[in-house]
Amino acid sequence: MTDTDASPPQGPDRGRDQDLLDAVGVAFTRLRRRTMQAPVDPPSGPKDLKRNLVLNIVDEAAETGTEMTVGGLAEHLLVDPSVASRMVSDCISHGYLVRAASQQDGRRTVLHLTEEGVALLSRFRHQQRQAFEFITRDWPEAERLEFVRLLLKYTDSTARLPPPGGGASPRQGA
């Protein structure tokens, strides 16, 4: 039996469990915004969130052997291509990304991280760890580590989602 085959909980805990599950949407909405408020060194700037998103998408594509274009970035971010283009232009003008001819199709232009982009991505990741440590500073170590394990498991599970801009809906095949 899989988790999706299990019957819903019955009894007095059902309402509390449903309330807990319903709260996850609010939690995700607050998570990024409030995490950005944590004191980190060096402090985050106003454009850091956008740059972090762009650089992480380009980096993840490179890790999986996928070429990332401005259009692909727009699909991943669920934004208009002109918005993605402005975000990429900002990263290029600051030396974090470069455009290059695709190795798969020379007519396409793809994005690559520069050394400065890799360094900035590393800084963002260090800041995120600082924020996590600050926010959870009063938690028992076992809870912090269990939260990280579960968060990484959740993140790994997102790899099964359909690709942006197409593919099956999450309910298909259920």
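Under the numbering used here, the first residue of the sequence shown is numbered 21, with each subsequent residue one higher. Even for Gly, the Cβ is constructed at its ideal location relative to N, Cα and C.
Item, Value
"Which residues DSSP lists as bridging residue 119, in chain order", "131"
"Residue 88 - partner residues in DSSP beta bridges", "131"
"Distance, residue 100 Cα to residue 109 Cα", "14 angstroms"
"Through-space distance from residue 73 to residue 170, alpha-carbon basis", "22 angstroms"
"Residue range of the unbroken alpha helix (DSSP H) whose run includes residue 183", "It is not in any alpha helix (DSSP H) - residue 183 carries neither H nor E in the DSSP assignment."
"Through-space distance from residue 152 to residue 164, alpha-carbon basis", "9 angstroms"
"Where residue 74 sits in the DSSP three-state scheme", "helix"
"Under the three-state DSSP convention, the category residue 45 falls into", "helix"
"Spatially closest choice to residue 59 from 159, 46, 147, by CA coordinates", "147"
"Stretch pair the stretch 130 to 137 + the stretch 73 to 84: three plus CB contacts closer than 8 angstroms", "yes"
"Spatial neighbours of residue 93 in its chain, beta-carbon cut-off 8 angstroms, leaving aside the 5 residues before and after", "74, 77, 78, 104, 107, 108, 131"
"Host alpha helix (DSSP H) of residue 60 (start-end)", "Neither: residue 60 is in no alpha helix (DSSP H) and is coded neither H nor E."
"CB contact flag (residue 124, residue 87, <8 angstroms)", "yes"
"Rounded separation between residue 48 and residue 120 - CA only", "35 angstroms"
"Best match in 65, 51, 35, 140 for proximity to residue 115 [C-alpha to C-alpha]", "140"
"Collapsed DSSP secondary structure at residue 25 in the structure displayed", "Residue confidence for residue 25 is low, a pLDDT of 47 falling below 50, so the modelled location carries little weight and cannot support an answer."
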